[in-house]
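Student: Pasting a structure below so you can have a look.
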Amino acid sequence: MKKQQGATIWLTGLSGAGKSTICKFLEAELRSRAYQVEVLDGDMVRQNLSKGLTFSKEDRDENIRRIGFVAHLLTRNNIIVLVAAISPYQAARAEVKARIGDFIEVYVNASLAVCEQRDVKGLYKRARAGEIKHFTGIDDLYESPLAPDVECQTDRETIAESVDKILSKLAELGYIDRRVALITTPS
Ligand code: ADP
Numbered sequence: 001m002k003k004q005q006g007a008t009i010w011l012t013g014l015s016g017a018g019k020s021t022i023c024k025f026l027e028a029e030l031r032s033r034a035y036q037v038e039v040l041d042g043d044m045v046r047q048n049l050s051k052g053l054t055f056s057k058e059d060r061d062e063n064i065r066r067i068g069f070v071a072h073l074l075t076r077n078n079i080i081v082l083v084a085a086i087s088p089y090q091a092a093r094a095e096v097k098a099r100i101g102d103f104i105e106v107y108v109n110a111s112l113a114v115c116e117q118r119d120v121k122g123l124y125k126r127a128r129a130g131e132i133k134h135f136t137g138i139d140d141l142y143e144s145p146l147a148p149d150v151e152c153q154t155d156r157e158t159i160a161e162s163v164d165k166i167l168s169k170l171a172e173l174g175y176i177d178r179r180v181a182l183i184t185t186p187s
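Each step along the sequence shown adds one to the number in my numbering, with nothing skipped, and position 14 is 14.
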């Protein structure tokens with residue numbers, strides 16, 4: 001069997017845009033095709049690797065650096081790494097991209113209005129009420145990717161469509177087999 005080539009698939013976007021959801025389905029699909037996958041999800045990272053870091057710009061950049069460090073180690077050991085992190089700053093994303101090399105930037109894009117309406121974790125409501133400060137999209141900056149490798153417009157496409165866009169890009173770049181198999185996920 002051909003040796004798997006490592007890559008980091010970096011999902012950036014507002015809270016509630018769909019990063020974790022896409023990651024979950026992408027992980028399941030890649031595992032079902034026998035690829036070795038590891039997931040670094042923002043919430044999980046902040047409870048472990050980045051415990052104690054705040055949401056200041058400095059600490060957000062440090063958080064991304066730490067995720068990038070681990071993603072790099074895994075990638076160079078031929079793991080497919082899925083990162084789901086808001087990662088609001090362009091410069092921090094560019095820095096990890098340069099370090100890792102095999103890096104696919106995915107812009108998980110939904111309008112702020114849609115993310116706020118979804119309010120998956122009730123955080124927007126708390127941010128609007130002033131209970132959470134420095135919340136991305138409300139009182140903190142999000143710098144959209146200038147030239148993402150993939151853009152998932154989750155406010156107008158199904159989860160399956162979003163996941164398929166990423167799989168197609170991975171196949172196009174030679175990281176996975178070019179086996180066209182549309183997946184079936186709930187929309
Ligand atoms: P994030 O990880 O970016 O904070 P979540 O994945 O936790 O966001 O939540 C996104 C929500 O949007 C979920 O409830 C999901 O079912 C919904 N959603 C609707 N369409 C899509 C899509 N195309 N891709 C991903 N999520 C979607």
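Glycine is no exception: its CB is placed at the ideal position from the N, C-alpha and C atoms.
Source: prediction; values computed, not measured.
With DSSP as the reference, label E131 as helix, strand or coil.
Tutor: Collapsing the DSSP output to three states places E131 in coil.
Student: Using 8 Å for Cβ pairs, my map puts G13 next to Y124. What's the rounded Cβ distance?
Tutor: Under the criterion of beta carbons closer than 8 Å, G13 and Y124 do not qualify as touching, at roughly 14 Å.
Student: Give the single residue among T158, K165, A127, E131 whose Cα lies nearest to the Cα of S15.
Tutor: A127
Student: Please classify L141: is it buried, with 16 or more other beta-carbons within 10 angstroms of its beta-carbon, or exposed?
Tutor: exposed
Student: Would you give the residue range spanned by the beta strand (DSSP E) that L82 belongs to?
Tutor: 80–84
Student: Rounded to the nearest angstrom, what separates T154 and V163 at their Cα positions?
Tutor: Their Cα atoms are separated by approximately 10 Å.
Student: Can you give me the start and stop residues for the beta strand (DSSP E) that D164 sits inside?
Tutor: Taken as a continuous stretch (DSSP letters only), D164 belongs to no beta strand (DSSP E), being part of the alpha helix (DSSP H) at 159–172.
Student: From the DSSP output, read off the bridge partner residues of I9.
Tutor: L82, I104
Student: Excluding sequence positions up to five away, which residues of its chain have a Cβ less than 6 Å from the Cβ of D59?
Tutor: L53
Student: Which residue from R156, L112, E29 puts its Cα closest to that of L82?
Tutor: That would be E29, whose Cα lies nearest to the Cα of L82.
Student: Which residues in the same chain as A171 place their Cβ atom closer than 6 Å to its Cβ, once the five residues preceding and following it in sequence are excluded?
Tutor: R178
Student: Is A28 close to chain B? Criterion is C-beta to C-beta, closer than 7 Å.
Tutor: Protein chain content of the structure displayed is limited to a single chain, and chain B is not contained in it.
Student: To which residues of the same chain is T136 closer than 7 Å at the C-beta, ignoring the five residues directly before and after it?
Tutor: L14, S15, I86, P88, Y142
Student: Would you mind listing the alpha helix (DSSP H) stretches within the stretch 26–74 that are 4+ residues and don't spill past its ends, in chain order?
Tutor: 42–47
Student: Give a single yes or no on whether E105 has its beta carbon closer than 6 Å to a heavy atom of the ligand ADP.
Tutor: no
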